[in-house]
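Participant: Each residue of the sequence shown is one higher than the last, beginning at 845 in my numbering.
Quick one: the structure is below, and I'll ask about it shortly.
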Amino acid sequence: MQPKLSFKLGLIIGMIIFFSIVISYFSIEGRLTEILVSATKKELYRDLLLNKQIFEEKAREWETTEQSNAWVERIARTLDIRVTLIDIQGEVIADSSIPPGKLYAMENHWNRPEVQDAIAKGYGERTRYSQTVKEHMLYMAIPVGFPKPYAILRFGKPLYDIGVFDTGIHRAIIHGIFQVLFFSLMTGFLTAFFLTRQHRMLAKSAKRRIQGDFSGTIPVASNDEAGLFARALNVMTDEIRQLQRGEEWFRTVFSSIREAIIVTDAAGDIILVNPAASRMFRIDGTMFKSRPLHHLSDSKLQELFAKVHSTRQTLRKEEMDLMTTKGKRIMQISSMPLTKEEQFEGTVFVLNDITKLRNLEIIRRDFVSSVSHELRTPLTVITGYAETLLDGAMLEPEHATPFLQIILKASQQLAALVNDVLDLSRIESGYIKYQFSAVDLKSMVQKSVQLLQHEIDKKQIRLKIHISEELPPVYADPRYLDIIIRNLLDNAIKYVDDSNGKIRISAFRSSDAIRLEVEDNGIGISKSDLDRIFERFYRVDKARSRERGGTGLGLAIVKHIVLAHKGDIEVRSRINHGSVFGVVLKMAKGE
845 MQPKLSFKLG
855 LIIGMIIFFS
865 IVISYFSIEG
875 RLTEILVSAT
885 KKELYRDLLL
895 NKQIFEEKAR
905 EWETTEQSNA
915 WVERIARTLD
925 IRVTLIDIQG
935 EVIADSSIPP
945 GKLYAMENHW
955 NRPEVQDAIA
965 KGYGERTRYS
975 QTVKEHMLYM
985 AIPVGFPKPY
995 AILRFGKPLY
1005 DIGVFDTGIH
1015 RAIIHGIFQV
1025 LFFSLMTGFL
1035 TAFFLTRQHR
1045 MLAKSAKRRI
1055 QGDFSGTIPV
1065 ASNDEAGLFA
1075 RALNVMTDEI
1085 RQLQRGEEWF
1095 RTVFSSIREA
1105 IIVTDAAGDI
1115 ILVNPAASRM
1125 FRIDGTMFKS
1135 RPLHHLSDSK
1145 LQELFAKVHS
1155 TRQTLRKEEM
1165 DLMTTKGKRI
1175 MQISSMPLTK
1185 EEQFEGTVFV
1195 LNDITKLRNL
1205 EIIRRDFVSS
1215 VSHELRTPLT
1225 VITGYAETLL
1235 DGAMLEPEHA
1245 TPFLQIILKA
1255 SQQLAALVND
1265 VLDLSRIESG
1275 YIKYQFSAVD
1285 LKSMVQKSVQ
1295 LLQHEIDKKQ
1305 IRLKIHISEE
1315 LPPVYADPRY
1325 LDIIIRNLLD
1335 NAIKYVDDSN
1345 GKIRISAFRS
1355 SDAIRLEVED
1365 NGIGISKSDL
1375 DRIFERFYRV
1385 DKARSRERGG
1395 TGLGLAIVKH
1405 IVLAHKGDIE
1415 VRSRINHGSV
1425 FGVVLKMAKG
1435 E
């Protein structure tokens, strides 16, 4: 865990204060000792002058050795010093450190430096080792007596006492230093805490923005660097929000585009794919992610992208068969190079799936061709027999009547074809307004059977209807439901054999819907034809269908009507075993 700025700043401030004090202490340490020694000398010198004056005023009281020793000892105890009284010849009269009985054994002090200076200059001072007391001493001596001195008064202060005092001061200072360290750190931390309030707020806001939360605005409490940084962070936050809104808009627009869009960079790598392109070419990952070209599933598309990148060419609606997740599709590809300040930065590819369009064009061509072919046959028959009649056959009753019947049949077939084409066109256009209501399916089936009863009887077809009286009604338009039933029944009649045909019509409830099935034992439909059975003009047995007057549009009409009813239609069949057409329609509400 990284230490916070307030802690680091507090530590720095505290240590600066502490080291400033410590450096100051060590810089004045020597000077402190000098001041202490100087103060000690001044105090000792003052005491020496005072006692000299007292001694001179009461000189007669110290004439005896006992009196001198008593006075010397009293002064020594009072001032905590060594006091020595020396006569003018250097003999020691009294010494506070030597018992009176041993004074005779002391050396003559005439040669002592401080004594010499006192006699010669009126004042002597020395710091030296004392052979008498065996320690370093600070001595001060002055002559006593006026106008002619008769003795030397000397004070001595052990340097040890000065050192002990100095050491005590140092110890006290060191102890104080630790206190100063504590208070320095506390002062530093408190100062840093208050100084970094704005920084902590900025850090908290920055952390939220790192985590993706760009809500709110950072208050600007000052015009210093922290305030400037807060304003800058607010400006950047606003810009990021705008970028996010732009990215969301950009992502939404790209996601809603049905065409596949792929963008490559200057190196030829894919840097953007919209969801349509991801689904179509199995490109994993997010929309904005760099990927090499080999992530494209189709090798031909990889080669095309590489070629466009190397040549910087622009594609304009180039068509190509590509393998996609939906199988082989016809794609229309366009590209546009991206440049900035005349510098190539990549290419935008737009791939439009035009498979359905091309299939519709094929269907349209096939439809026109089929209609032309279907019209040509009856028109050719009508034209041929009409010309024959005009050439003289009209005058031959045995030929004229059959020819006219053929012309009538061909014209009826032509009319049926035109009517079916018009019906299919209206149904596919969506202009028909269906009138939905609850319809009894059994009665509708019986109505269609009655209309086609002549054909059923003519081919001796055995027809069975299995529809319960309790079957709920369906939700449908009766007019178009009749077309569905009639076309399915008519289709079954056409493809069953004469004298051996069987047709079974049944209806039953399937969950919330009604299922109607028309089953026959006709010629059946091959598996290859099942997928195309509902196409326009598609016939399983073209010769039989034309012979029976079929137009090839009946099942296409049925399918479109069923889809308009939000239903479904399917077929099951086997060659020479017949077919089963099933229609699923919604059940009327409330049933």
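C-beta atoms are modelled at their ideal positions from N, C-alpha and C, and glycine is treated no differently.
1) So is T1158 buried or exposed if we call it buried at 16+ other beta carbons inside 10 Å?
2) Compute the Euclidean distance between the alpha carbons of E1162 and L1140, then round it to the nearest angstrom.
3) Does DSSP classify R1089 as helix, strand or coil?
4) Quick check on the burial criterion: 16 or more other C-beta atoms within 10 angstroms. Buried or exposed for H1138?
5) Check whether the stretch 1280–1292 and the stretch 1312–1326 touch, using three or more Cβ-Cβ pairs below 8 Å as the test.
6) Taking all protein chains shown into account, decide if K1338 is buried (16 or more other Cβ within 10 angstroms of its Cβ) or exposed.
7) Identify every residue that forms a DSSP beta bridge with H980.
8) Quick check: what's the CA-CA separation for D1364 versus V1293?
9) What residue range is occupied by the uninterrupted alpha helix (DSSP H) comprising R1123?
10) Go through the stretch 1201–1227 residue by residue and report every complete run of the alpha helix (DSSP H) that reaches 4 residues or more, in order.
11) Consult DSSP for K965 and reduce its assignment to one of helix, strand or coil.
12) I'd like the list of long-range same chain contacts for A885, defined as Cβ closer than 8 Å, with 5 residues on each side in sequence excluded.
13) Looking at the structure shown, is E1163 part of a helix, part of a strand, or coil, going by DSSP?
14) Would you call G966 buried or exposed, if buried means 16 or more other Cβ atoms sit within 10 Å of its Cβ?
15) Using 8 Å as the cut-off, can you tell me whether the stretch 949–962 makes contact with the stretch 929–941, which would need three or more C-beta pairs spanning the two stretches below that distance?
16) Does the Cβ of L1125 have 16 or more other Cβ atoms within 10 Å, making it buried, or fewer, making it exposed?
17) For a test of the three-state rule: what should DSSP assign to D1128, helix, strand or coil?
18) According to DSSP, is L1429 part of a helix, a strand, or is it coil?
19) What do you get for T928, buried or exposed, if any count of 16 or more other CB atoms within 10 angstroms of its CB means buried?
20) Can you tell me whether E935 is helix, strand or coil according to DSSP?
21) Looking at chain C, is there any beta carbon in it that lies within less than 8 Å of the beta carbon of Q1257?
22) Taking the continuous beta strand (DSSP E) assigned at M1180, which residues delimit it?
23) Looking at the unbroken alpha helix (DSSP H) that takes in R1323, where does it start and where does it end?
24) Could you please give me the residues that DSSP links to E1363 through a beta bridge?
25) Cα-Cα, which of P1241, L1145, F1247 is closest to T1227?
26) Using CA atoms only, rank isn't needed, just tell me which of D961, A949, K992 is closest to Q975.
27) So what's Q960 in DSSP terms, helix, strand or just coil?
28) Evaluate N1335 with the Cβ neighbour count: other Cβ atoms within 10 Å of its Cβ, from every protein chain shown; 16 or more gives buried, anything less gives exposed.
29) Where do the N-terminal and C-terminal ends of the beta strand (DSSP E) with S1281 fall, by residue?
30) What's the gap between the Cα of L1145 and the Cα of L1166?
31) Could you tell me the alpha carbon to alpha carbon distance between F990 and K896, rounded to whole angstroms?
32) From which residue to which residue does the alpha helix (DSSP H) around F990 run?
33) A1104: which of L1325, V1117, S1355 sits nearest, CA to CA?
34) If you measure between the beta carbons of S1134 and D1113, is that distance less than 8 Å?
35) To the nearest whole angstrom, what separates the beta carbons of R1348 and K1308, a pair I think is in contact under 8 Å?
36) Is the separation between the beta-carbon of V1225 and that of A1260 shorter than 8 Å?
Facilitator: Reading off the structure:
1) exposed
2) 18 Å
3) helix
4) exposed
5) yes
6) buried
7) Y973
8) 15 Å
9) 1119–1125
10) none
11) helix
12) Note that residue 885 is Lys in the sequence shown, not Ala. The answer, listed in chain order, is E969, L982, M984.
13) strand
14) exposed
15) yes
16) Looking at the sequence provided, one finds Phe at residue 1125 rather than Leu. The residue is buried, with at least 16 neighbouring Cβ atoms inside 10 Å.
17) coil
18) strand
19) buried
20) coil
21) This model lacks chain C altogether; it includes just one protein chain.
22) 1171–1184
23) 1322–1339
24) R1348, V1424
25) F1247
26) A949
27) helix
28) buried
29) 1281–1283
30) 7 Å
31) 11 Å
32) No alpha helix (DSSP H) contains F990, which DSSP labels as neither H nor E.
33) V1117
34) yes
35) 5 Å
36) no
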